[in-house]
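Asks:
Numbering (the numbering used here), first residue to last: 1 to 170.
#1: Exposed or buried, which one is residue 44 when buried takes at least 16 other CB atoms within 10 Å?
#2: Which one or two residues does DSSP pair with residue 8 in a beta bridge?
#3: Rank 132, 4, 122 by C-alpha distance to the C-alpha of residue 172 and give the top, closest one.
#4: Ends of the alpha helix (DSSP H) at residue 111?
#5: Please state if the CB of residue 25 and the CB of residue 85 are separated by a distance shorter than 9 Å.
#6: Could you tell me which uninterrupted beta strand (DSSP E) segments, each at least 3 residues in length, are contained entirely in the region 23 to 107, listed from first to last along the chain?
#7: Please confirm if the region 122 to 136 is in contact with the region 148 to 158, defined as three or more CB-CB distances below 8 Å between the two stretches.
#8: Check residue 124 in the structure and name its three-state DSSP category.
#9: Buried or exposed: where does residue 91 fall if 16 or more other Cβ atoms within 10 Å of its Cβ makes it buried?
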């Protein structure tokens, strides 16, 4: 039995998880494009001095380049897995949904750790608590989107599982 039967949020409303999962794929691909653009801007020397930035005060020639490339590779993987997820939903192949679930799970875990890091720094930076609140709200939305896609995965799994009844008792 799926966790959710419909996909409703302030940004996405759908009466079923199939179309909701497709909308989530568009959301995650668009989010990835925006974040890739922002990270590329920072890697080319743009401003990275905001506390709520995961690349806060990173060395432009050293760690920012390394972690920026890691983030960009993960986000490109999310775009590709979003495309595969839509294909998998259309042809009812649950294996195409798994990469998206895995990559988005990594992003959700990173968001949780980053929000806790922001809360841990509130003694020094009081405005970090507001940034942590925004991060946790976005985290909750991403978890809901993950649950919507996972529910579609469960529906496909249930439809593909063999329903064999053994009529003869052993």
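Where a beta carbon is used, it is the ideal one built from N, C-alpha and C, also for glycine. Computed from a predicted model, the values in this text were never measured in an experiment.
Replies: The short version:
#1: By the Cβ neighbour-count rule, residue 44 is exposed, with fewer than 16 other Cβ atoms within 10 Å of its own.
#2: Per DSSP, 13.
#3: Residue 172 cannot be examined here, being either before or after the span of the chain that is shown, 1 to 170.
#4: Note, residue 111: alpha helix (DSSP H), 98 to 120.
#5: Yes, they are a contact pair.
#6: Under the rule that a run must span 3 or more residues, no beta strand (DSSP E) segment is found entirely inside the region 23 to 107.
#7: The answer is no - the region 148 to 158 does not touch the region 122 to 136, with fewer than three Cβ pairs under 8 Å.
#8: The DSSP-derived three-state label of residue 124 is coil.
#9: Here residue 91 is exposed, its C-beta having fewer than 16 other C-beta atoms within 10 Å.
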